[in-house]
Amino acid sequence: MRLRILLAFLALGACAHAEELTDATFAKFRAYIMPTEAELRFMTIPWYPTYWQAVLDANKREAPILLWVMNGHPLTCT
427 MRLRILLAFL
437 ALGACAHAEE
447 LTDATFAKFR
457 AYIMPTEAEL
467 RFMTIPWYPT
477 YWQAVLDANK
487 REAPILLWVM
497 NGHPLTCT
């Protein structure tokens, strides 16, 4: 119960200090939201659309394969 009250006060405090979106503040908000170059580095990795294509390429290059497997939706991590 105390945690809920604390979170409510924190949310109210965040809303009280929020800036209004105007033409003058648009660039600042856009720069804050857009991903940085460092955050987009994963896009440079040559991912394979299927496991089998990765197996064929790994066999040619005698290289290991990283296989990422997850159960459920990626945002809820079930």
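Once you know that position 24 of the sequence shown is 450 in my numbering, the rest is easy, because the numbers rise by one and skip nothing.
Yeah, the Cβ is synthetic: ideal placement off N, Cα and C, and Gly gets one too.
Given the structure is predicted, the values throughout are model-derived calculations rather than measurements.
In angstroms with no decimal places, state the Cα-to-Cα distance between residue i and residue j.
i	j	result
threonine 451	glutamate 445	8 angstroms
tryptophan 473	tyrosine 458	28 angstroms
arginine 430	proline 490	48 angstroms
lysine 486	glutamine 479	11 angstroms
glycine 498	threonine 476	19 angstroms
threonine 448	methionine 469	32 angstroms
leucine 493	lysine 454	39 angstroms
glutamate 488	arginine 456	44 angstroms
In chain order, what residues of the same chain lie with their CB nearer than 8 angstroms to the CB of residue i, ignoring the 5 residues before and after it?
i	result
alanine 484	Pro490 and Ile491
Taking the alpha helix (DSSP H) that residue i belongs to, which residues open and close that run?
i	result
alanine 480	477-487
tyrosine 458	449-459
CB-CB under 6 angstroms to residue i, same chain, minus the five flanking residues each way: which ones, in chain order?
i	result
threonine 462	none
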